[in-house]
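Enquirer: From first to last, the protein sequence lines stand for chains A and B.
Here the numbering used here is used: the first residue of the first sequence is 984, the next is one more, and so on.
Here the numbering used here is used: the first residue of the second sequence is 984, the next is one more, and so on.
We put the beta carbon where it would ideally sit given N, CA and C, even for glycine.
Number of protein chains: 2
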Amino acid sequence: MHAFIRQRPRSSGRERHFCHTNGEPWYPFDTTAYVWNYQSEAVQADTLASLAASPFNKIRKCVFPKHYHYNLAEPVRFPFPGNIETGFDYTRFDVSFFAELEQQIDRLAGLGIEADLIIFHPYDRWGFSRMPLEVDQRYIRYLVARLASFKNIWWSLANEFDLLKEKPMHFWDAAIARIQREDPSNHLISIHNWHNPPIHYPSNAHWYDHHNTALTHASIQHHDLHFVPEWRETFNKPVVIDECCYEGNVDLGWGNITAQKMVALFWHGVCLGGYVTHGETWLSDDEIIWWSHGGKLKGESVKRIAFLRQLLEEGAAKRLAPVPWGSHWDTSMGMSDERWGLFYFGDHCPGYKMMTMLPPDSVWKVDIIDTWEMTITPVAQEIRQGDKLELPGKPWIALRLQRL
Amino acid sequence: MHAFIRQRPRSSGRERHFCHTNGEPWYPFDTTAYVWNYQSEAVQADTLASLAASPFNKIRKCVFPKHYHYNLAEPVRFPFPGNIETGFDYTRFDVSFFAELEQQIDRLAGLGIEADLIIFHPYDRWGFSRMPLEVDQRYIRYLVARLASFKNIWWSLANEFDLLKEKPMHFWDAAIARIQREDPSNHLISIHNWHNPPIHYPSNAHWYDHHNTALTHASIQHHDLHFVPEWRETFNKPVVIDECCYEGNVDLGWGNITAQKMVALFWHGVCLGGYVTHGETWLSDDEIIWWSHGGKLKGESVKRIAFLRQLLEEGAAKRLAPVPWGSHWDTSMGMSDERWGLFYFGDHCPGYKMMTMLPPDSVWKVDIIDTWEMTITPVAQEIRQGDKLELPGKPWIALRLQRL
């Protein structure tokens, strides 16, 4: 049985990670299929089979249906009785919808997968993004009352909360406080921001303030994982990049990066002490796209993400914290308790590295990892601070360091 | 004979480009070989032969020798009489050094190459970066008096001026004013900043203020060309990214990007209305590295940069200005007079694009350019605003648009 996940208590401000309630470490490897729960039974079965064979142990999904490019089919069932022609009866819930939602969450639990449930989102043609306040409140209360008993539920207040322009900031403050008050099991809780690089690159002032102590982690959309160390310091809680761009070829900038880059984003994020969420946006004749509908995983990044997960999970607990770059600004360097490290060069191609970033008087066993080819090549000699380490001089290389 | 280059007068604040004094457009395609002028005759001959066969029409080079990784050999001649053991006589100049410098500048002129002369820089073991103020002033006066008659000279006050920590900001203000006052030919003049991403990514507050009207263009070191439109707007003058990282495999983050990324930086910069400077840092058994010593060009980016230069130079003058991203944030879009455009997708891989960024009621001939393979594939149909354009869905693709 899959254990209930909750944030590990912070220790001396050093740890910003997750663990099981029994204290064992837990590393989120998340994917995104916003409305897989609204698809046909066949597609849902594909989704669950894909997840079962994947490295993912968490999935982001919405309660409400989604109106967006590639996602214009009309659902057959909604959280409230009614339909888009006749309108919805906000005084009642469609219990059959929630029964199905529970079944879906239960199936995820059976696969050991956390359900990061998105409570509100802006992509809407039905009106669910601008219901009366009283309905929003009743909806939240109902969700929490029905679903808090699931061990694998997480609360995500919103996807891109700042695009829900009719809801003022105090709405989110109150909603977060309400969930914290009404959820007897204190499930993980977060809120996710819009990110449009041309607008938001120079400033994150539009974010909800993740300092709110009710938020268990910072759920961030951003395309540049360089900032993970800053966000860890700022919020002093785990950082999950719950959208950084998706592998695929759709016409929208967030959904057409290469598999190489998707894998690189995972490695950068993890080495810098954060976690990263996957998504796939491959155009498909059947118009089933993983990021929205679920279905079948088609990309080349998934198996490399599995490889990274395995590196983290084998052996002792990893609590990676970023090593300051110093002169090594081509390298995302994570170190766990000064005993185990993962350094990643991304698309930089050093032919060697002077290992000046290692602590003095320490001796290390080093493996050179090709994160794309998924090979691990031990370095023959022991490595000390300042030693010259020969490297392949090509992209997607990492180092695993184990202290001797 | 190569024409004297000077900045084209700004027109309605729209143009931030360069042209010849006769008004013809001129597009800088710059490279970097900081101290090629200090190398052996054989290496200098290689450098000039490499430049002659290259697309580069401008080179960044230092007056003073350089003390830096991969660059520790002792020069035989200096701007001042003396050597590192006995010290230097700052009351006199070594006229043979300057005669050689003039000859080098003249040889560049013969190849149609601008000499962007770096007057000060921080990488120093001889003391030239911290001479008495009076010596600095005399040195500048001497340089300008001797070299202003060269048609192809540009003044770069410094490479990474902010690392010359003993020189206060008013030193630079005064030096720029002095050059402007004493150069009868008003050569192009700029000043270049240090850029260490972990420190400087969130802020450019350490830059010299390129608003200074004596500066003819903003000479910027930065790794992210996304900001070129902002810098053009801010400074209202041409923007040249005189360091964005170099193709190669040295152990330093700025010097180990792939050829693909070097080419991508050129395309992004040019499409966004700026210009970009090349460099190569390939480790070499003979310890001759282009970025510092000159010698032979070895990289894979040069011929792709030549291809881009050809696209700009053929046909009518190009005055690319960035098209606001809107929803197309995977695309660096430059448009010249609403008649000719160059759009670049970089490492994004859209399988198609809805051409919503085109002006209404305009009709375009479009070519799909593979910037790496250097192929140009005409699109059969005419393209109008909002049309769907099928694309290869792989990295390094650009579009050339010509209005019909």
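So the candidates are B:I1162, B:Y1184 and B:A1098; which of them puts its Cα closest to the Cα of B:R1121?
Expert: Translated into the one-based positions of the second sequence, residue 1121 of chain B becomes position 138. B:R1121 has its Cα closest to that of B:I1162, out of B:I1162, B:Y1184 and B:A1098.
Enquirer: Could you name the residues that DSSP lists as bridge partners for A:M1152?
Expert: Position 169 of the first sequence holds residue 1152 of chain A. According to DSSP, which records beta bridges pairwise, A:M1152 is partnered with nothing at all.
Enquirer: Taking only the alpha-carbon atoms, compute the straight-line gap between A:I1172 and A:P1361 and give it to the nearest angstrom.
Expert: Residue 1172 of chain A sits at position 189 when you count from the first residue of the first sequence. Residue 1361 of chain A sits at position 378 when you count from the first residue of the first sequence. About 41 Å.
Enquirer: Can you check DSSP and say which residues form a bridge with A:F1210?
Expert: Position 227 of the first sequence, counted from the first residue, corresponds to residue 1210 of chain A. Beta-bridge pairing links A:F1210 to no other residue.
Enquirer: Can you give me the C-alpha to C-alpha distance between B:R1287 and B:F1144, rounded to a whole angstrom?
Expert: Numbered from 1 along the second sequence, position 304 holds the residue referred to as residue 1287 of chain B. Numbered from 1 along the second sequence, position 161 holds the residue referred to as residue 1144 of chain B. So the alpha carbons of these two residues sit roughly 31 Å apart.
Enquirer: What's the call for A:K1371, buried or exposed, on a 16-neighbour Cβ count within 10 Å?
Expert: Looking up residue 1371 of chain A in the first sequence gives position 388. So A:K1371 ends up on the exposed side.
Enquirer: For B:K1148, decide whether its Cβ has a neighbour in chain A, counting only Cβ atoms nearer than 8 Å.
Expert: What you label residue 1148 of chain B is simply residue 165 of the second sequence in a count that begins at 1. It does not: the Cβ of B:K1148 has no partner Cβ on chain A nearer than 8 Å.
Enquirer: Hey, would you say B:F1001 sits closer than 8 Å to B:F1039, going by beta carbons?
Expert: Mapped onto the second sequence, residue 1001 of chain B falls at position 18. Mapped onto the second sequence, residue 1039 of chain B falls at position 56. No, the Cβ-Cβ distance between B:F1001 and B:F1039 is not below 8 Å.
Enquirer: Hey, B:S1284 and B:M1245 are a contact pair by Cβ (cut 8 Å); roughly how many whole angstroms apart?
Expert: Taking the first residue of the second sequence as position 1, residue 1284 of chain B is located at position 301. Taking the first residue of the second sequence as position 1, residue 1245 of chain B is located at position 262. About 4 Å separates the two Cβ atoms, so the contact holds.
Enquirer: Taking Cβ positions only, does A:M1337 come closer than 8 Å to chain B?
Expert: Taking the first residue of the first sequence as position 1, residue 1337 of chain A is located at position 354. A:M1337 counts as touching chain B.
Enquirer: In chain A, what lies closer than 7 Å to B:W1308 by C-beta?
Expert: The sequence position of residue 1308 of chain B within the second sequence is 325, counting from 1. Residues of chain A passing the Cβ test: P1181.
Enquirer: If you compare alpha carbons, which of A:I1359, A:W1347, A:V1026 and A:G1369 is closest to A:W1379?
Expert: In the first sequence, the residue the question calls residue 1379 of chain A occupies position 396. Of the candidates A:I1359, A:W1347, A:V1026 and A:G1369, the one whose C-alpha sits nearest the C-alpha of A:W1379 is A:I1359.
Enquirer: Excluding sequence positions up to five away, which residues of its chain have a Cβ less than 7 Å from the Cβ of B:H1251?
Expert: By one-based count along the second sequence, residue 1251 of chain B stands at place 268. Excluding sequence neighbours, B:H1251 sits near L1208, S1315, Y1327 and G1329.
Enquirer: Listed in chain order, which residues of the segment 1322-1347 of chain A have Cβ atoms closer than 7 Å to some Cβ of chain B?
Expert: Against chain B - using a Cβ distance shorter than 7 Å - the residues of the segment 1322-1347 of chain A are D1330, H1331, C1332, P1333, G1334, Y1335, K1336 and M1337.
Enquirer: Quick check: the segment 1275-1283 of chain A against the segment 1021-1036 of chain A, are there 3 or more CB pairs under 8 Å?
Expert: Verdict: yes, contact present.
Enquirer: Helix or strand or just coil, what does DSSP make of B:K1286?
Expert: Taking the first residue of the second sequence as 1, we reach residue 1286 of chain B at position 303. In the structure shown, B:K1286 sits in a helix (DSSP, three-state: H, G or I).
Enquirer: Could you pull out every residue in the same chain whose Cβ sits closer than 8 Å to the Cβ of B:L1266, ignoring the five residues on either side in sequence?
Expert: Position 283 of the second sequence, counting from 1, holds the residue named residue 1266 of chain B. The answer, listed in chain order, is G1231, N1232, V1233 and I1272.
Enquirer: Assess, as a yes-or-no matter, whether the segment 1003-1020 of chain B is touched by the segment 1042-1051 of chain B under the definition of 3 or more beta carbon pairs within less than 8 Å.
Expert: Counting Cβ pairs under 8 Å, three or more are found: they touch.
Enquirer: What does DSSP give as the partner residue(s) for A:Y1051 in the beta ladder?
Expert: If you number the first sequence from 1, residue 1051 of chain A lands on position 68. Paired residue(s): A:N1054.
Enquirer: Within the continuous alpha helix (DSSP H) that includes A:H1200, where are the two ends?
Expert: Locating residue 1200 of chain A in the first sequence gives position 217, counting from the first residue. Segment: none, A:H1200 is in no alpha helix (DSSP H) and carries neither H nor E.
Enquirer: Return the residue from the list B:I1182, B:E1083 and B:D1119 that minimises the CA-CA distance to B:I1159.
Expert: In the second sequence, counting from the first residue as 1, residue 1159 of chain B sits at position 176. Checking every option, the nearest Cα to that of B:I1159 belongs to B:D1119.
Enquirer: Count the other CB atoms within 10 Å of the CB of A:T1241; is the residue buried (16 or more) or exposed (fewer)?
Expert: Taking the first sequence and counting its residues from 1, one reaches residue 1241 of chain A at position 258. Counting Cβ neighbours within 10 Å, A:T1241 comes out buried, since at least 16 surround it.
Enquirer: Listing by chain order, which chain A residues have their CB less than 9 Å from the CB of B:T1241?
Expert: The residue you call residue 1241 of chain B lines up with position 258 of the second sequence. Going along chain A in sequence order, the residues near B:T1241 (Cβ under 9 Å) are D1330, H1331, C1332, K1377 and P1378.
Enquirer: Taking only the alpha-carbon atoms, compute the straight-line gap between A:S995 and A:G1256 and give it to the nearest angstrom.
Expert: The residue you call residue 995 of chain A lines up with position 12 of the first sequence. The residue you call residue 1256 of chain A lines up with position 273 of the first sequence. Caution is warranted here: a pLDDT of 35 is assigned to A:S995, below 50, making its placement in the model unreliable, and the coordinate value is therefore given only provisionally. For A:S995 and A:G1256, the distance between alpha carbons rounds to 16 Å.
Enquirer: Nearest to B:E1068 by CA position, among B:R1075, B:V1059 and B:Q1293, is which residue?
Expert: Numbered from its first residue, the second sequence carries residue 1068 of chain B at position 85. Considering only alpha carbons, the answer is B:V1059.
Enquirer: Determine which residues share a DSSP beta bridge with A:Q1385 and list them.
Expert: By one-based count along the first sequence, residue 1385 of chain A stands at place 402. Its beta-bridge partners are A:W1323 and A:K1348.
Enquirer: Under 7 Å Cβ-Cβ, which residues of chain A neighbour B:L1266?
Expert: Position 283 of the second sequence, counting from 1, holds the residue named residue 1266 of chain B. Within 7 Å Cβ-Cβ: G1334.
Enquirer: Find out if the Cβ-Cβ distance for the pair B:S1139, B:D1107 is shorter than 8 Å.
Expert: Taking the first residue of the second sequence as 1, we reach residue 1139 of chain B at position 156. Taking the first residue of the second sequence as 1, we reach residue 1107 of chain B at position 124. For B:S1139 and B:D1107, no; Cβs fall outside 8 Å.
Enquirer: If we call anything under 8 Å between Cβ atoms a contact, is B:F1076 one with B:Y1125?
Expert: Stepping through the second sequence from its first residue, residue 1076 of chain B is reached at position 93. Stepping through the second sequence from its first residue, residue 1125 of chain B is reached at position 142. In contact: B:F1076 and B:Y1125 (Cβ atoms closer than 8 Å).
Enquirer: Confirm, please, whether the CB-CB distance from A:E1270 to A:Y1229 is below 8 Å.
Expert: Position 246 of the first sequence, counted from the start, is the residue given in the question as residue 1229 of chain A. Position 287 of the first sequence, counted from the start, is the residue given in the question as residue 1270 of chain A. Result no, Cβ atoms of A:Y1229 and A:E1270 do not sit closer than 8 Å.
Enquirer: Out of curiosity, what's the CA-to-CA distance linking A:P1375 and B:P1307?
Expert: What you label residue 1375 of chain A is simply residue 392 of the first sequence in a count that begins at 1. What you label residue 1307 of chain B is simply residue 324 of the second sequence in a count that begins at 1. Straight-line Cα distance between these residues: approximately 40 Å.
Enquirer: Distance cutoff 8 Å, beta carbons only. Does B:Y1229 sit that close to anything in chain C?
Expert: Chain labels in this structure do not include chain C; the protein chains are A and B.
Enquirer: Can you give me the C-alpha to C-alpha distance between A:E1149 and A:P1115, rounded to a whole angstrom?
Expert: Taking the first residue of the first sequence as position 1, residue 1149 of chain A is located at position 166. Taking the first residue of the first sequence as position 1, residue 1115 of chain A is located at position 132. About 10 Å.
Enquirer: With a threshold of 6 Å on Cβ separation, who are the neighbours of B:N1054 within its own chain once the five nearest residues in sequence on each side are excluded?
Expert: One-based indexing of the second sequence puts residue 1054 of chain B at position 71. Same-chain partners within the cutoff: S1275.
Enquirer: Rounded to a whole number of angstroms, what is the C-alpha to C-alpha distance between A:P1167 and A:W1137?
Expert: In the first sequence, residue 1167 of chain A corresponds to position 184, counting from 1. In the first sequence, residue 1137 of chain A corresponds to position 154, counting from 1. Cα to Cα, the separation comes out at about 13 Å.
Enquirer: If you measure between the beta carbons of B:K1301 and B:S1319, is that distance less than 8 Å?
Expert: On the second sequence, residue 1301 of chain B is found 318 positions in, with the first residue counted as 1. On the second sequence, residue 1319 of chain B is found 336 positions in, with the first residue counted as 1. It is a contact, given that the beta carbons lie within the stated cut-off.
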